[in-house]
Amino acid sequence: MTNTTHFGYKTVNEDEKVKEVAKVFHSVAAKYDVMNDLMSGGLHRLWKTFTIANAGVRPGFKVLDIAGGTGDLAKAFAKQAGPTGEVWLTDINESMLRVGRDRLLNRGLVTPTLLCDAEKLPFPDNYFDRVSVAFGLRNMTHKDVALSEMRRVLKPGGKLLVLEFSKVMEPLQKPYDLYSFSVLPWLGQKIAGDADSYRYLAESIRMHPDQETLKTMMQAAGLERVQYYNLTAGVAALHTGIKL
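So, in structure tokens, the structure goes:
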């Protein structure tokens, strides 16, 4: 029997979800940064800055940025790790990866890029000092498998950082829902010519595990000292964990 999972609010076969998620990001890649700025009022840049600060990347570090998209985190990590470091930009979506690679090259940063699946990372055990994933975990079919893979490739003492949309605080839920399901698809249609992809993104946020559930999942994957920071009243959250 074929296993099923969710694609937004729809129940689909697992293989179908992979294809549908790929379509979404092929569609939005060219306008991804513009839409992020419009959707979040630029807040996504502050959330990423907070994540970068918490990563504490130092010269010589090996860093893996998963679902790295247009390369915001990888760009910062590459500068911090310096010429003795090693920063990998990876994504499962070729269109997104190409945009990220080109952005890094345009800034004079030559760093390895790789098309790969977070659930089957092609790296050896105990290799990276830091692993990050920003706004990518919710699109993964088997989040528990992906988290275990992220832990596997971390060195002992290494840190995983997961930045993701999360559960907003109760007083903001109604206006946030109105914005997500009315304004977001409208913006998607006007700017990217694609309302459906942004409707899916809104739905995928609601289907993603909340802060405490994701903390428990990271602990179940074998990470220690797991904690999270709510950002903008829980619109987003940064989870961190250490491999001991």
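So the sequence shown is numbered by my numbering: it starts at 2 and just counts up by one. Note that the Cβ used here is the ideal one computed from N, Cα and C, for glycine as well. No experiment lies behind these values; they were computed from the predicted model shown.
- request: Consult DSSP for Ile93 and reduce its assignment to one of helix, strand or coil.
  value: The three-state reading of DSSP puts Ile93 in coil, since its state is none of H, G, I, E or B.
- prompt: Does DSSP classify Arg226 as helix, strand or coil?
  reply: Arg226: strand per DSSP, three-state reduction.
query: Do Ala237 and Phe182 have their C-beta atoms within less than 7 Å of each other?
result: No; because the gap between Cβ atoms is not below 7 Å, this pair is not in contact.
message: Once DSSP output is grouped into helix, strand and coil, what is the label at Leu245?
response: Of the three classes helix, strand and coil, the one that applies to Leu245 here is coil, per DSSP.
message: The alpha helix (DSSP H) that contains Val35, what's its start and end?
response: Val35 -> alpha helix (DSSP H) spans Tyr33 to Ser41.
query: Relative to the ligand ATP, is the shortest distance from any of its heavy atoms to the C-beta of Ser41 smaller than 6 Å?
result: Within the structure as shown, the ligand ATP is missing, as the structure has no ligands at all.
query: What's the gap between the Cα of Leu161 and the Cα of Ile53?
result: When only Cα atoms are considered, Leu161 and Ile53 end up about 12 Å apart.
field: Pair within 7 Å by beta-carbon distance, Gly69 and Asp92
entry: Gly69 is a Cβ neighbour of Asp92, given a cutoff of 7 Å.
query: Between which two residues does the beta strand (DSSP E) carrying Ile67 extend?
result: Here the beta strand (DSSP E) through Ile67 covers Lys63 to Ile67.
Ala193 and Val13 closer than 7 Å at C-beta: Annotated as distal: Ala193 and Val13, with beta-carbon spacing of 7 Å or more.
message: Looking at the secondary structure, which residues open and close the beta strand (DSSP E) in which Ala135 lies?
response: Element bounds for Ala135: Phe129 to Ala135.
field: Residues bridged to Ala238 (per DSSP)
entry: In the DSSP assignment, Ala238 is bridged to Glu165 and Asn231.
message: For Gly83, count the other beta carbons within 10 Å of its own beta carbon; 16 or more makes it buried, fewer makes it exposed. Which is it?
response: Looking at its Cβ environment, which holds fewer than 16 other Cβ atoms inside 10 Å, Gly83 is exposed.
task: Just tell me which of Lys175, Leu215 and Leu202 has its CA closest to the CA of Tyr229.
output: Residue Leu215 is the option with its Cα nearest to Tyr229.
field: Sequence-distant residues of its chain with Cβ nearer than 7 Å to Glu204 (five each side left out)
entry: These residues qualify, in order along the chain: Gly9 and Tyr10.
- prompt: Tell me which same chain residues have a C-beta within less than 6 Å of the C-beta of Val100, skipping the five on either side of it?
  reply: Ala30 and Thr71.
field: For Asp126 and Val154, believed in contact at Cβ under 8 Å, the rounded distance
entry: Their Cβ separation, rounded to whole angstroms, is 7 Å, which keeps Val154 and Asp126 in contact under 8 Å.
Buried or exposed (CB count within 10 angstroms, at least 16 for buried), Pro186: Answer is buried; the Cβ neighbour count reaches 16.
field: From Leu39, Val19, Lys63 and Val132, residue whose alpha carbon lies closest to that of Val184
entry: Among Leu39, Val19, Lys63 and Val132, the Cα nearest to that of Val184 belongs to Leu39.
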